[in-house]
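**Student:** Residue numbers (this note's numbering), protein chains in the order written: chain Z, 13 to 129; chain U, 576 to 687.
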Amino acid sequence: GAVVSQHPSWVICKSGTSVKIECRSLDFQATTMFWYRQFPKQSLMLMATSNEGSKATYEQGVEKDKFLINHASLTLSTLTVTSAHPEDSSFYICSARGRAGGDYEQYFGPGTRLTVT
Amino acid sequence: AQSVTQPDIHITVSEGASLELRCNYSYGATPYLFWYVQSPGQGLQLLLKYFSGDTLVQGIKGFEAEFKRSQSSFNLRKPSVHWSDAAEYFCAVGEDGNDMRFGAGTRLTVKP
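Below, the structure is given as structure tokens:
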């Protein structure tokens, strides 16, 4: 139980295009979803927190107009990287928190590797 | 503000040897503490967590961790390391499941 999926697992796009990454909770309802970014050999940095039906809360320094987050349902959140540039290349990981497994644990997706050329 | 420190960036141990990965946290109240493992190119897998109660926590894959409030530590241990344990290990502190902060990670190499 408590499985979180991400799609795609990897994506290559050209500079200036937009890319959408999906995060799904497969067997539980995720009241809150989180988006993290991880640079090579570095730790995870929280980008934003989203609650279903509400606007996402972005961490300081994260451009909300560049990283659009939509948490339209209790099982799906999307992260759209708009007008992507090479510096946006990174590993993006989502997590979900809900009723499965208790209230204080986040379940992580497998991550999406984004490469912008 | 809460923070997590993993003092060791890289640790190498021989297969079969014991392991201890250090984690120190800074937090005003009783924290929720986690250890995750990440294999290259993969997401995070939860090894164990501490919310309250017994300060010695047992996790998966033979790992355990001990919460020591006086030392603000939550060190991860394993009595005998296997080659498959080679990975990146992250300590994290969170509040009520939100606002989780991760340490910088410790890369574990296992020598044959």
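Glycine residues also receive a C-beta, built at the ideal position from the N, C-alpha and C atoms.
#1: Just the chain U side, please: which residues come within less than 7 Å of S55/Z by C-beta, in chain order?
#2: Does the Cβ-Cβ distance between S89/Z and M45/Z come in under 7 Å?
#3: Using the DSSP secondary-structure output, state which residues sit across from Q633/U in a beta bridge.
#4: Please work out which residues of its chain come closer than 8 Å, Cβ to Cβ, to T43/Z, disregarding the five sequence neighbours upstream and downstream, and give them in chain order.
#5: Note down the Cα distance separating Y119/Z from E641/U, rounded to an integer number of angstroms.
#6: Note down, in chain order, each residue of its chain lying with its Cβ closer than 8 Å to the Cβ of W22/Z, except the 5 sequence neighbours on either side.
#7: What residue does the beta strand (DSSP E) around H83/Z start on, and which one ends it?
#8: Would G603/U count as contacting chain Z if we go by Cβ distances under 7 Å?
#9: Rounded to whole angstroms, what is the Cα-Cα separation between Q72/Z and T61/Z?
#10: Using the Cα positions of D629/U and I584/U, report the straight-line distance between them to the nearest angstrom.
#11: Mind listing which residues of the region 46-79 of chain Z have their C-beta closer than 9 Å to chain U's C-betas, in chain order?
**Tutor:** On the basis of the data shown:
#1: If you number the first sequence from 1, residue 55/Z lands on position 43. Neighbours of S55/Z on chain U, chain order: F665, F677, G678, A679 and G680.
#2: Counting from one through the first sequence, the residue named residue 89/Z turns up at place 77. Counting from one through the first sequence, the residue named residue 45/Z turns up at place 33. Contact check for S89/Z against M45/Z passes: the beta carbons are separated by less than 7 Å.
#3: Here the question's residue 633/U lines up with position 58 in the second sequence. In the DSSP output, where bridge partners are listed per residue, Q633/U has E639/U.
#4: Locating residue 43/Z in the first sequence gives position 31, counting from the first residue. Same-chain partners within the cutoff: N63, E64, L86, R109, G110 and R111.
#5: The residue given as residue 119/Z occupies position 107 in the first sequence. The residue given as residue 641/U occupies position 66 in the second sequence. Rounded to whole angstroms, Y119/Z to E641/U spans 22 Å at the Cα level.
#6: By one-based count along the first sequence, residue 22/Z stands at place 10. Excluding its 5 nearest sequence neighbours in each direction, W22/Z has C-beta neighbours in its own chain below 8 Å: T124, R125, L126 and T127, listed in chain order.
#7: Taking the first sequence and counting its residues from 1, the one referred to as residue 83/Z is at position 71. Segment F79 to S85, the beta strand (DSSP E) holding H83/Z.
#8: Numbered from 1 along the second sequence, position 28 holds the residue referred to as residue 603/U. Using a CB distance cut-off of 7 Å, G603/U does not count as an interface residue toward chain Z.
#9: Sequence index remark: in the first sequence, residue 72/Z carries index 60 (1-based). Sequence index remark: in the first sequence, residue 61/Z carries index 49 (1-based). Computed Cα separation, rounded: 12 Å.
#10: As a first step, residue 629/U is located in the second sequence; it is residue number 54 there, counting from the start. As a first step, residue 584/U is located in the second sequence; it is residue number 9 there, counting from the start. When rounded, the distance between both Cα atoms is 28 Å.
#11: Under the 9 Å Cβ criterion, the region 46-79 of chain Z contributes F46, Y48, Q50, K53, Q54, S55, L56, M57, L58 and T61.
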